[in-house]
Amino acid sequence: MSTADYISLDTETTSLKPVEADLVGLSFSTHAGKGWYVPVGHVGAGAEEQLACDLVLYTLRPLLENSVYPKVGQNIKYDALVLRRAGIELAGIVADTMLISYLLHPASRSHGLDSMAAKYLNHQMISYSEVTGSGKKQISFAEVAIDVATRYAAEDADITLQLFQMFWPQLDGELRQLFETVEMPLLSVLIDMEWCGVALDCQKLKAISADFGGKLATLELKIYAAAGGEFNINSPKQLGEVLFNKLGLPHGKKTKTGWSTAVDVLQKLAPEHEIIDLVLEYRSLAKLKSTYSDTLPRLIDPISGRIHTSFNQAVTATGRLSSSDPNLQNIPIRTAAGRAIREAFIPATGHLLLAADYSQIELRVLAHLADEPVLQQSFRNNEDIHRRTASEIFNVFPEMVTDEMRRRAKTINFAVLYGMGAFSLAKELEIGSKEAKQYIESYFARYPQINNFIESCRSQARSELYVTTILGRHCAVPDIKSKNGQIRSYAERNAVNYPVQGSAADIIKVAMINVYRRLQQEDLKTKMVLQVHDELVFDVPRSELEQVKKLVEIEMEQAVALLVPLVVSMGWGTNWCEAH
DNA sequence: CGGATCACG
DNA sequence: ACGTACGTGATCCGG
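Structure follows, in structure tokens:
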């Protein structure tokens, strides 16, 4: 096996979640059509057999831990985490078929092994449920008979290698560069972030849940009194029935199933009936309680005492990461009740949390990509960008810009990033659509290059069916040629938004890699623990704070050289809220 | 299991 | 005539 060019490997475990997964077996392949399976943790093994298994794992350790042997895997972050839990530090990870597929075929939504095998190798994989059963009869992989497990696991390793051999020569040019200098180095960063996790103040969350629970009970009674009867407030259907039929309130837009009860609709009804504000408060507290304060304490890993998310690297259309199980990229911040939850995210004992945010990264990327001189100038002067935009479109001196003008300009700046039309801008700003149209015209008159950029994005999408980011990532826009105007408009907005959002994602990925390297080089104990699209969060020993602040600022701001400066703002404290 | 809603950038 | 701002993930309801 030592003469093989590449070794594909796969682990079999007791759980899909790497933090709670125990190693059951490993499979390998070095030649297409062949595979090995090494059981190490099947139940029912006698003492002698188990001893043999332990010995085999011990023998494999030098191979797994030596970077001389190049490893490829499918979602190999999972395997690396499982092995680390088993005390083995996987080294020599050179490729991940899921990530190659994500770069080569951004239009294909799924980069799972089964679908890739069917699509590219015309091969139907043995399904997991075929081996373990499903429903009540489902068994752990540890209980699967070894001969059955062998066929299943060896196939995974074999197919992974075959996909790698097919993909590898196709991954060339800028995409190869992106893969080798960004996605693969980032994979190692994410392994460490997920492994480290983040600490949570469990008592605090329980207190919040109790507080919210009390408030919800009171609100519930008041809502029933106002409605003249009990119903399920959490059911949009029943709520709509009460509001629009029983109480006869005027309804706004409809959904597929009835009248909408979404926030923006209800807010307009607030003056009409006392029940509305009660329902809105009930909704927001119920959301915070069920999604965060009740749930997060249950997800604390008993071994580390911390919470370990998954950062998914092959999910989004734009190259952003996503976070799941649990999602730590949507922790509340906008309301006071929500911020209480953020206060429960804390550093390790004796440490601080450091939060570093890119300021206006998407608008800076837009100024760069569109090569828009006025926008670039205001970023170079470090101006308040929304004030400057207000000054431009309302044609007044910056110091004459009112709060309302700035608010409108801010909305317009976002509207441009999202490709918004006059109708939606009018609705958002609650102004007439003629007025909204004038705003947009003034905007393009002052920032003419933005208009050219929008047209060039659409044009690239039409000719290539994808648009590109600053590092050459492809973002699929397949519907750009749709004959359905609605679908096509949506694709046209994507064609503009994707390069901006995707380039910002590229930049923070590079920053993560460079910060991580510096932390290693300087032998610091600081850990990167979270990424939230334009923000990085670190768990920092107090003694390292000054050094880490400097290092993070430099590496984030210098991650790439744009035609405008990148600016990072930082905060720190004893919880995530305080760090902002 | 899809739809509605809402938490974040 | 129609719909109408980009990207995610979790929870709850109800068929």
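Under this note's numbering, the residue at position 576 of the first sequence is numbered 594, and the numbers go up by one with no gaps. For each residue, glycine too, the CB sits at the ideal point set by N, CA and C.
Contacts around residue i, its chain only, beta-carbon distance under 8 Å, and the 5 residues preceding and following it disregarded
i, result
"G368", "P559, R560"
"Y508", "D497"
"L265", "A245, H291, I293"
"G490", "G191, E192, L193, Q195, L196"
"R625", "The structure shown does not extend to residue 625, since the chain is modelled only from 19 to 598, so the question has no answer here."
"M588", "L372, A373, A374, D375, K567, V570, E571"
Same chain only: Cβ atoms within 6 Å of residue i, ignoring 5 sequence neighbours per side
i, result
"I16", "Because the chain in this structure spans residues 19 to 598, residue 16 falls outside the shown range and cannot be described."
"C220", "P315"
"T21", "With a pLDDT of 49 at T21, under the threshold of 50, the predicted position of this residue should be treated as unreliable, and no value is reported."
"A433", "L443"
"S85", "A109, G110"
"A427", "H404, T407, A408"
"Q519", "T336"
Alpha carbon of residue i to alpha carbon of residue j, nearest angstrom
i, j, result
"T29", "R476", "43 Å"
"K271", "L447", "18 Å"
"W594", "R324", "15 Å"
"M184", "A65", "42 Å"
"M19", "L384", "Because the pLDDT of M19 is 46, which lies under 50, any placement of that residue in the model is unreliable, and the question is left without a value."
"G258", "T236", "21 Å"
"F46", "D97", "12 Å"
"I318", "A373", "22 Å"
"G59", "L41", "6 Å"
"Q467", "G215", "43 Å"
"V586", "L239", "47 Å"
"K568", "T199", "24 Å"
"E107", "Q188", "30 Å"
"A523", "M418", "35 Å"
"P36", "D343", "11 Å"
"K307", "T279", "20 Å"
"V495", "N515", "11 Å"
"K137", "A172", "20 Å"
"I177", "L121", "19 Å"
"I472", "A358", "40 Å"
"A354", "S227", "15 Å"
"E248", "H269", "21 Å"
"F441", "S128", "35 Å"
"L99", "C71", "20 Å"
"Y146", "T31", "12 Å"
"I251", "F230", "16 Å"
Contact under 9 Å by Cβ, residue i with residue j
i, j, result
"L139", "R382", "no"
"F329", "S341", "yes"
"F182", "T115", "yes"
"L443", "Y457", "yes"
"L218", "L314", "yes"
"L346", "K527", "no"
"D174", "G356", "no"
"L303", "K233", "yes"
"V628", "Q394", "Given that the chain is displayed from residue 19 to residue 598, the structure contains no residue 628 and the question cannot be resolved."
"R301", "V333", "no"
"L370", "P517", "no"
"L27", "L82", "yes"
"V112", "P88", "yes"
"V90", "I25", "yes"
"E401", "S460", "no"
"H492", "P203", "no"
"Q331", "K95", "yes"
Bridge-paired residues (DSSP) for residue i
i, result
"D219", "Partner(s): none; D219 has no beta bridge."
"F556", "L372, M546"
"I364", "A217"
"M116", "Answer is none; M116 lacks a bridge partner."
"W18", "The displayed coordinates of the chain run from 19 to 598. Any statement about residue 18 would go beyond what the structure contains."
"P57", "G43"
"K272", "W277"
"V90", "S26, A113"
"N330", "S340"
Chain-order list of residues whose beta-carbon lies under 7 Å from that of residue i (same chain, five-residue window excluded)
i, result
"Q180", "A50, L139"
"N512", "V495"
"L267", "L261, L287, E290, H291"
"S396", "I403, R406"
Closer than 8 Å: residue i CB and nearest the ligand MN heavy atom
i, result
"T115", "Ligands are entirely absent from the displayed structure, and the ligand MN is therefore not among its contents."
- request: Spell out a yes or no on whether the region 75-82 and the region 161-171 are touching, meaning 3 or more CB-CB pairs, one atom from each, closer than 8 Å.
  value: Below 8 Å, too few C-beta pairs join the region 75-82 and the region 161-171 to call them touching: fewer than three.
query: Is the number of C-beta pairs between the region 211-225 and the region 547-555 that are closer than 8 Å three or more?
result: Taking one beta carbon from each stretch, the region 211-225 and the region 547-555 have 3 or more pairs nearer than 8 Å; the two touch.
query: Is the region 178-195 close to the region 149-158, with three or more CB pairs under 8 Å?
result: No: the two stretches stay apart, fewer than three of their Cβ pairs being nearer than 8 Å.
message: Any contact between the region 584-598 and the region 355-370? By contact I mean 3 or more CB pairs, one from each, below 8 Å.
response: Result yes; three or more Cβ-Cβ pairs closer than 8 Å.
- request: Decide if the region 573-588 is in contact with the region 528-542; the criterion is three or more beta carbon pairs, one per stretch, under 8 Å apart.
  value: By the Cβ test, the region 573-588 is in contact with the region 528-542, since at least three Cβ pairs between them sit closer than 8 Å.
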